[in-house]
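*Asks:* Residue numbers (our numbering), protein chains in the order written: chain B, 10 to 98; chain C, 10 to 98.
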């Protein structure tokens, strides 16, 4: 189910780059956009969601979930977040 | 309502310090504990919640909310997160 939602992976670029990517997805007709981030980028993902909420009218946070993922070799655990943004109108 | 829940403010210390603080709150009889963090510490708060979920049996994430707060003078905006941990049994 979640795989049908366009997903933007938030990394080390400035938050505004991801805000633009989210805006483009909604302009292209998406009703939902997922933001995913791991480790330090989690803070950036929250900032992106907050800016989107303020800049795009009719878009709000629908759901937030956190988890743990294994990355690298040898594997180590990093925290992750998924924020679902959705059109409310 | 939220003010009745013991709150742990997550900052720059290692995640394990906050995990210990959460464990102490639950051991003292609390059924809910709130983690709050701003800016860069948001990632740490998510990590603390994930470790608590794994280490303390019967404790799970009940709710996650994000927001924006004004700090400093001159005021600037920082993102914030609140994670509610609750005993499920």
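Glycine is no exception: its CB is placed at the ideal position from the N, C-alpha and C atoms. Fair warning: this is a prediction, and the values are worked out from it, not measured in the lab.
With DSSP collapsed to three states, give me the class of residue 37(B).
*Replies:* To locate residue 37(B), count along the first chain from 1; it is residue 28. Residue 37(B): coil per DSSP, three-state reduction.
*Asks:* Please classify residue 22(C) as buried or exposed, where buried requires at least 16 neighbouring CB atoms within 10 angstroms.
*Replies:* The residue labelled residue 22(C) in the question sits at position 13 within the second chain. Residue 22(C) comes out exposed.
*Asks:* Taking residue 53(B) as part of the alpha helix (DSSP H), name the residues at either end of that continuous run.
*Replies:* Your numbering for residue 53(B) matches position 44 in the first chain. 50-64 is the extent of the alpha helix (DSSP H) around residue 53(B).
*Asks:* Which residues of chain C have a Cβ atom closer than 7 Å to the Cβ of residue 55(B), listed in chain order?
*Replies:* Reading the first chain from its first residue, position 46 is the one you call residue 55(B). Ordered by position in chain C, the residues that pass the 7 Å Cβ test against residue 55(B) are 51, 75, 88, 90.
*Asks:* Within the continuous beta strand (DSSP E) that includes residue 77(C), where are the two ends?
*Replies:* What you label residue 77(C) is simply residue 68 of the second chain in a count that begins at 1. Looking at the DSSP string, the run of the beta strand (DSSP E) that includes residue 77(C) is 68-80.
*Asks:* Is the Cβ-Cβ distance between residue 69(B) and residue 97(B) less than 7 Å?
*Replies:* Within the first chain, numbered from 1, the residue matching residue 69(B) stands at position 60. Within the first chain, numbered from 1, the residue matching residue 97(B) stands at position 88. Closer than 7 Å, so yes.
*Asks:* Contact criterion: CB-CB distance below 7 Å. Does residue 98(B) meet it with respect to chain D?
*Replies:* Absent from the structure is chain D; the protein chains it does hold are B and C.
*Asks:* Since residue 5(B) meets chain C, which of its residues come closer than 7 Å, beta carbon to beta carbon?
*Replies:* Absent from the structure is residue 5(B), since the part of chain B shown begins at 10 and ends at 98.
*Asks:* Give the residues of chain C in contact with residue 58(B), contact being defined as C-beta atoms less than 7 Å apart.
*Replies:* The residue you call residue 58(B) lines up with position 49 of the first chain. 75, listed in chain order.
*Asks:* For residue 96(B), does the three-state DSSP call read helix, strand or coil?
*Replies:* As a first step, residue 96(B) must be located in the first chain, where it is residue number 87. If DSSP states are grouped into helix, strand and coil, residue 96(B) belongs with the strands.
*Asks:* Which residues, in chain order, does the region 10-43 of chain B contribute to contact with chain C at a C-beta distance below 8 Å?
*Replies:* Under the 8 Å Cβ criterion, the region 10-43 of chain B contributes no residue.
*Asks:* If you draw a straight line from the C-alpha of residue 71(C) to the C-alpha of residue 25(B), how long is it?
*Replies:* In the second chain, counting from the first residue as 1, residue 71(C) sits at position 62. In the first chain, counting from the first residue as 1, residue 25(B) sits at position 16. If I take the Cα positions, the gap works out to 30 Å.
*Asks:* In angstroms with no decimal places, state the Cα-to-Cα distance between residue 35(C) and residue 93(B).
*Replies:* Looking up residue 35(C) in the second chain gives position 26. Looking up residue 93(B) in the first chain gives position 84. In a straight line, the C-alpha of residue 35(C) is about 30 Å away from that of residue 93(B).
*Asks:* Distance, Cα to Cα, residue 59(C) vs residue 84(B)?
*Replies:* Counting from one through the second chain, the residue named residue 59(C) turns up at place 50. Counting from one through the first chain, the residue named residue 84(B) turns up at place 75. If you take the alpha carbons of residue 59(C) and residue 84(B), they lie about 17 Å apart.
*Asks:* Can you name the residues of chain B whose CB is closer than 8 Å to the CB of residue 81(C)?
*Replies:* What you label residue 81(C) is simply residue 72 of the second chain in a count that begins at 1. Within chain B, no residue comes near residue 81(C); the closest Cβ sits about 16 Å away, beyond 8 Å.
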